[in-house]
Amino acid sequence: MNNILATLPVGYAYYQILHDPQNQSSDCQVLEINPIFEQITGLTAADLVGKTLRAIASEQQNSPFNWLNFAQTLQSIPTPEQFEQYSASLNRWYQVHLTTPEPEFLVTTWIDITDRKAMEVQFSSNQDQQESLIRNTPKLDRRKNNLNWIANFSEGELDDQTIEKIAESKLSETLLLLNDAQRIANIGAWKLDVKTGKTEWTEQVYHIHEVAIGFDHNKTNGLEFYHPDDRPIIAQAIKIAIEEKQSFDVICRFITAKGNLRWVRASGYPLLKDNQVTHMVGMFQDITQVEEDKAAIAREQQFSKQILESMADGFSVIDAEGTQQDVNPAFCRITGFSKAELIGRKPPYPYWPLEELENIQVALRDTLVNGSGSYELVFQRKSGERFPVIVFARSLNDQNDQPLFFFANIQDITDQKKAQRELKESETRFHLAIAGTGAGLWDLDMVNNTVYFSPHWKKMLGYHDHEIENTFSGWQNLWHPDDTDRIQAAIDDYLSGKSKRYEIEHRLRHKDGSWRWILTRGEIIKNQQGEPIRWIGTNIDLSERKQMEEQLREKEKHTQMFFNQSLYGFFFMMLDEPIDWRREGDRPQLLDYAFYHQRMTRVNQAMLDQYGAKKADFIGLTPADLFAHDLDHGYEVWRKLFNQGQLHMETREQRLDGTPMIVDGQYTCLYDDQGRILGHFGVQVDITDRKESEAKLLAAKQMAEVANQAKSEFLANMSHEIRTPLNGVIGFTELLLQTPLNETQRQYVNNANVSGKALLAIINDILDFSKIEAGKLDLETIPTNLLDLLGEVIDILKYSAEHKGLELLLDISLPMPPIAHVDPVRLKQVLINLLNNAVKFTDQGEVELKLQFQDLGNGQGEYHFAVRDTGIGIRPEQQSKLFQAFSQADSSTTRKYGGTGLGLIISGLLVEKMGGTINVESVWGEGSIFEFKITTTFVNNPDQAAPFSRSLGIGRVLILDDNAKSRKILERYCTHWGIEAMGCGHDLATCQYLEQGNFDLVIIDYHLAGMDGLTVLEHLRSQLPSSLEAMPVILLHRSVDYENIRDRCQALDVQCHLVKPVKPDAFYRMLTTLNQATPSVECPLLMAKQSPATTIQRPCTVLIAEDVKVNMILSKALVKRALPNVRIIEATNGLEAIAAVDQHPIDLVLMDVQMPQMDGIEATRRIRAAEAQTGQRVAIVALTAGALKEEQERTFAVGMDGFLTKPMDFAKLQAVLGQYLGSPSGLPMEN
C-alpha cells in the first residue's frame, strides 16, 4: 500500500481524531503521509508523523505553510467535504478533499489546482473586460469564427469608428488569451440569458460536450447533457443562484454527445441590472481525471483496508521513532489488545514479554540492516498468556535509505507448534512402539529396485548403514543357504496371489558371522493399475525366542524331574464331571458329588511317601477315602477350597496304615472356560515332626518369658535398691559442695559426687539395655526442632572438647525443614553418645557433627546424621565388636579411656528402632565416621519450617579462619542467604582481599595459628584504616574465652560475638542485628552468671512421705534449699501420709512409692478417693528409685501428677516445685 501511496500524483495524509475531556474533537494526530504531501508542506515524515496539528503549528510558526489555518479549517469542516489550501513553500494552490474511512480517523487528498486558479483569475479578469465590452458594444455575434460588429444600440447609433476598432481589438486579444487558457486547463466559459434561456459558450465548452462548434444550444438542451441522477443538482443550483442572487459551484456527472461519461465542475454567478438577475456567467471544467484519481485513491484505500481487515495474520505498522501507528483487527484478535490500547504506544509494547525483549531487539536490528526478514518469537496476550509467532518484517526507507516505517505480518503459530509437538510425540510413540517390538523396518521400491533399511534393521544384524547395499540383492546376500529356496517360494506365492500374506521365519547372517532367526512380515502397495510398486515390512529378531523355546523344552524336562524328585508332595485330583460352584443353592449336593467323584489322577513320589502308599494304591482315591477318619474335617477343607479358589491351610490326615499326620498344603482350583471347577492341584508337606518341635519350642519360649520377667523384676528391684543409697551419696555430696570447704575437702567430695553419678549412668545404661532387650522401650515421636536439638547436643559436649583443645564443628545443610517428627530424648541420647566417644578418643584435631537432608516427597524426608573425628581410629578386626554388649573394640582402651561398652550397643538399638542403622567408616590412626539415616515426616508450615526468611541486606563477607572446614561451613551458610562470602586464613592475602573487595562484614576466628584474631584485627586496622574503621566485625571464640577477651573486645569496639561451633540460627540472628544499636552477643558463660538459681519465696506446706531416714533428711534439705519459707510435714508410710493430708492444709506431696505398711500407690489411690467427696485436690509427685516406664505408668494410673527418680536431681526438683508451687498464690518468683 505504501508503494502505491508513494507513486500517487496527489498528496495524501492520514489522521486520528483526538478528543478533549468533554469528548469533543480537539485536534488531529498525523499517522501517515506520502512524499507529495512532504513537498506540499515542506516538511518530512519524521517532522510530522506522530504529532498533532496544533503542535506542528506551534513548532512551525515561521513555516511558509499556514499550519494553524489548516488545523482550524480541518476541524471546522464536516466530512465528507473539500476546501482549498495555499502552500507558500511551493507557491501552489491545492484542492483538499476530506473523507472519514472509519470512525475517529480522517484522510485528506491534495490535488494541485494552481493552473485552474490561474485560469480562474484570468477568467475573472477577462469576464470583467467582457462585461465592459458587452456594456459598450451593441452585440457580439460569433459566426464562423469571425467577429462582426453590429451597431444596434437602443439609445442610437455610434458613428465613432475609432471607439469600435479599439473595442474590437481589445476584445479579440482578450478572447484569444481566454481560449488558450481554457484549452490548457480544460475549462470553458458560458453565459445564460435568464429571460430567454439562450446560452453562449466558449470553444472549450463545445469540446467538453463533444459537439460541433455550431451546435445550437440553450438552457434546456444544455441541462440534458447532465447525468439523469445529477440533473436536478445543477438545475437546482442555477435556480437558487438566480433567486438568491448568489454564486454556485457543483460537481456532477455529465454525458457527452458521444455518450462518454465525464465528471464536470460547473460554477457561476449572476449579473444584475437594476438589482435583477439578467444573466448568469460561469466556468465549465472537465474534472474527470481528478475525480478518477480521487476514486482510485478511495478504492485503493478501501481495498487496502479490506485486505488488512480480512487478513488472518496480524499486521502492524511502527514508525522510525518506534511509535505504533496502526494494527489490523487480526492483530487485535491475536493479542487481545484493542486498537486504542496500541496506537501511539512506544516500545516496549504490551504484547512484548520482558523475557523476549533481547530476541525482539535482535530481529529489529536485523530488519534495519537487511530491510526484511522472518523471525520466530514469543508474544504475550493481554491475559498474560505467552504464544509463539512468526514475524515477517520489512522496513520502508526514504531516499537517503533511512527507515521511515517498519511493517510486520504476525502469524500465531500456537496450533502449528502444537501440531509439531503432537507429530513429534506421534513419531516418538511410533518409534517407541517399533522399538518396543524390537522390529526393524524395510521398504522395497519395486520400480527402482532400492530398499530402505531402518537403522534398527541394520543394527539388529550388527551392521552400519554403509555396510549393507540398499538393494534387493543386498538383502538376498544375507539369507541362509538352507533357507533361500523356502524364502523365494514364499515371495513367489505372495506376489502371485497364491498366499494372502507374506510371513516367514528364516535366518539372516549377522556381521559377526552368526545366524539370527528372523520373523519377516510384509505387505504390497499397488498403484491404480493394480501393479505392485512398494513392498513394506518388518523384521523381528526371534533368536532369543528360539533360545527361550529351547530353554522352555529344557525347563519342562527339568520341571518333570523336579515333580518326580521333589521332597514336596505334588498331586492332581480331577472331577469325573465339572461342577458349577457358583450355583449356591446346589452347593451341598455339589460338595457330596465332589467328595465321592473327585479322584487322584497324578502324584509324585514324595506324595506317595507321605501317605506310605504305592502309586497303584493311591491313584483313584477320593476325598472320602483320604478323610475317612474325619469326614467333617474333610468337608470343611473342600468347602473352603471351592469357596476361595485357593487355599493354604494345615489339615489333619491319616496315612494308609492309619497313622495320624498333619499336612501343610497349598491348593488351587482348576477351571474350564465356562468357570466350572474341573478339579485342583496341590503342593503339601508332612509337618507332623515340625509341629511336635514347635510345641516343644513354645513351651521353652514360655519358660524363657517367665525367666525374662523374673530378670526384669530383679533388675527393677536391684535398680531400686542401688538407687536408694545412691540418692543419699549424690544428694548429700551435692549439698556438701554448697558448704564452705578447703580445696582438699572439695576435691574429695567432688570425686565422690562424680563417682556416684558415673555409677548412676552405668545403672541407667543397664536399664536401657534391659528395656530394649525386653522390647519394652517405646519411642515417643513428636514434632521436634532439630536445629535446637543439635544446638543442645553441641552445648553439652563443647566444654569437654574445649578442655582437650579440640575444634568442635556443627555442619547443617541448608535449606532444611527443621521441624521433624522424632523422639527428641532418644535421638539426643544417641548423638551425645557418639559425640562423647568422638571427643573421648580424639587427642588433637577436630570433631564434627553433620546433618544433611533429602526431600523424598509427600512430606517425608531423609535426615542423615554423621559424627566425624580425627582420633585414634578403629582397626578393621575390631569394628565387628563395636555393637556387642559389654564389649569394646580394644579392651586396652578401657584402662586409658574408660567405659562399659554399653553406649554404642544402646545407640545402635535405638537407631534401629528409629528405622536406621549406624554405619562405621574408620582408618586406624586417622579417625572415624559414625553415621545413620532416619526417614520421617517433617513440618511444611513456612512459619515453623523457614527460620531464615528475612532479607539481610549484606552483600559481601570476608571470613578469616585457619580451619578450612569451619570456614567452608560459614561460606555455605552465607551463600544460602544470598551473601557473597570469601574465606581465607590470616596471611598477607587478607590485606589484598580487603583492598580489592568492597566488604560489608569481617568474621574473624579468635584462635588463629600464630596470632589471635584480635591481634590480626589490630594489624588490619592499622594497615587499612579506611576499609575497616567502620566495618562490622564478628569474633568467633570458645565459650570459655569470653572473660579473657572481654576487655580487649571493648577496646577494639568488637560488639558481636559467636561461640564456636557456630549454630546457623544463632549466626543468622546475629546477621539480622548488625545494623542495630546494640548487636547480639552470644555467650552462654556470661548468661549463666547472670541467671542464678530460682527460689520460691512464698510460704507453703510440703508433705514428704519417705521411710528411709537418710532419704528423708536429703529430701528435706533439697526442698528447703529451693523453698526457704517452706513448712515440711514428715510421714514414714502411706497411712501416715493419708492422715497428714486429712489433718493439714498441704500444697504438695512428695510420695515415696515403696514404703512399709502401705505403699505410695495405695496411699495415693485412697487420697484421690477421699478428694472425690470433698472436691479438693492436692498435687502428688512420686519419689521412686524404680526408673522403669512401667513404674511411671503405675503412678500416673492412680492419679499422681509428677514423677521424680532417685537419686534426686536438684534441677528437676526445682522444675517440679516451680510447676506446682511457683504461682498459684499469685506471688512472684525471685531470681
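The opening position of the sequence shown corresponds to residue 635 in the numbering used here, with each subsequent residue numbered one higher. Ideal placement from N, C-alpha and C gives every residue a C-beta, glycine not left out.
- Could you name the residues of the same chain whose beta carbon sits closer than 8 Å to that of Ile1159, not counting the 5 residues immediately before and after it, in chain order? Pro1166, Ile1167, Arg1168, Trp1169, Ile1170
- Task: Would you tell me roughly how many angstroms separate the C-alpha atoms of Phe1206 and Gly1219, rounded to the nearest one?
- Result: 27 Å
- State the start and end residues of the unbroken beta strand (DSSP E) segment that holds Ile1024. 1020–1031
- What number of angstroms, rounded off, separates the C-alpha of Asp746 from the C-alpha of Glu672? 14 Å
- Message: Beta-carbon within less than 7 Å of Leu1312's beta-carbon, same chain only, minus the 5 sequence neighbours each way: which residues are those?
- Response: Met1208, Leu1209, Pro1212, Leu1304, Tyr1305, Asp1306
- Report the option in Val1025, Thr1235, Asn1031 whose CA atom is closest to the CA atom of Leu1002. Asn1031
- Task: Can you tell me which of Val828, Phe1276, Asp850 puts its alpha carbon nearest to the alpha carbon of Lys907?
- Result: Val828
- Thinking C-alpha only, which one of Met917, Arg887, Asn1398, Gly956 is nearest Ser881? Met917
- Cut-off 6 Å between Cβ atoms - residues of its own chain near Ser1088, not counting five sequence neighbours on either side: Gly1074, Leu1075
- Residue range of the unbroken alpha helix (DSSP H) whose run includes Asp1793: That residue, Asp1793, is in no alpha helix (DSSP H); it is neither H nor E in DSSP.
- Task: Would you check if the distance between the CB atom of Arg1273 and the CB atom of Gly1254 is smaller than 9 Å?
- Result: no
- Message: I need the DSSP call for Ala1053, collapsed to helix, strand or coil.
- Response: helix
- Item | Spatially closest choice to Ile1146 from Asp1127, Gly1096, Lys1191, Glu1101, by CA coordinates | Here the sequence assigns Asp to residue 1146, which means Ile is not the residue at that position. Minimum Cα distance to Asp1146 is reached at Gly1096.
- Classification of His1691 by the beta-carbon crowding that lies within 10 angstroms, buried from 16 upward: buried
- What number of angstroms, rounded off, separates the C-alpha of Tyr1867 from the C-alpha of Ala974? In this structure the chain extends from 635 to 1865, so residue 1867 is not present and cannot be described.
- Message: Considering Cα atoms alone, identify which of Asn700, Arg1755, Leu1393 is closest to Ala722.
- Response: Asn700
- Using the C-alpha atoms, what's the distance from Leu991 back to Leu1719? Unreliable placement is indicated for Leu1719, whose pLDDT of 37 sits below 50; no coordinate value is reported for it.
- Task: Figure out for me which residue from Leu1592, Val1297, Gln1278 has the closest Cα to the Cα of Leu1260.
- Result: Val1297
- Assigned exposure category for Arg1135 - 16 Cβ within 10 Å defines buried: exposed
- Item | 6 Å CB neighbourhood of His1090 in its chain, flanking five on each side removed | Gly1074
- Item | Of the residues Ala647, Arg688, Gly684, Leu682, the one placed nearest Ser660, counting alpha carbons only | Arg688
- Could you tell me the boundaries of the beta strand (DSSP E) in which Asn1043 lies? 1037–1046
- Task: Look at Arg887 and Arg899 and say whether their C-beta atoms are less than 9 Å apart.
- Result: no
- Message: My output table needs one value for Ile690: the three-state DSSP class, helix, strand or coil.
- Response: helix
- With a cut-off of 9 Å, does the C-beta of Pro1695 fall near any C-beta of chain D? No chain D appears in the structure shown, which is made up of a single protein chain.
- Query: Does the segment 1801–1808 come within contact of the segment 1835–1854, defined as at least 3 CB pairs closer than 8 Å?
  - Reply: no
- Message: Measuring only the C-alpha atoms, how far is Ser1600 from Met1704?
- Response: 18 Å
- Message: By the DSSP assignment, the beta strand (DSSP E) with Glu834 in it spans what residues?
- Response: 833–835
- Query: Looking at C-alpha atoms only, which residue of Gln1181, Tyr720, Tyr1640, Gly1617 is the closest neighbour of Phe1633?
  - Reply: Gly1617
- Which residues mark the beginning and the end of the alpha helix (DSSP H) in which Gln958 is found? Careful: Gln958 lies outside any alpha helix (DSSP H), inside the beta strand (DSSP E) at 958–961.
- Message: Counting C-beta neighbours from all protein chains within 10 Å, is the total for Trp1558 16 or more, i.e. buried, or is it exposed?
- Response: exposed
- Query: Taking DSSP as the reference, what is the three-state secondary structure of Tyr1854?
  - Reply: helix
- Task: Could you tell me which of Thr1193, Trp1109, Leu724, Ile1539 sits nearest to His1144, measuring between CA atoms?
- Result: Trp1109
- Item | Where Phe739 sits in the DSSP three-state scheme | strand
- Considering only the beta carbon of each residue, do Thr1476 and Gly1362 sit closer than 9 Å? no
- Query: By how many angstroms is the C-alpha of Tyr1301 removed from the C-alpha of Lys1249?
  - Reply: 21 Å
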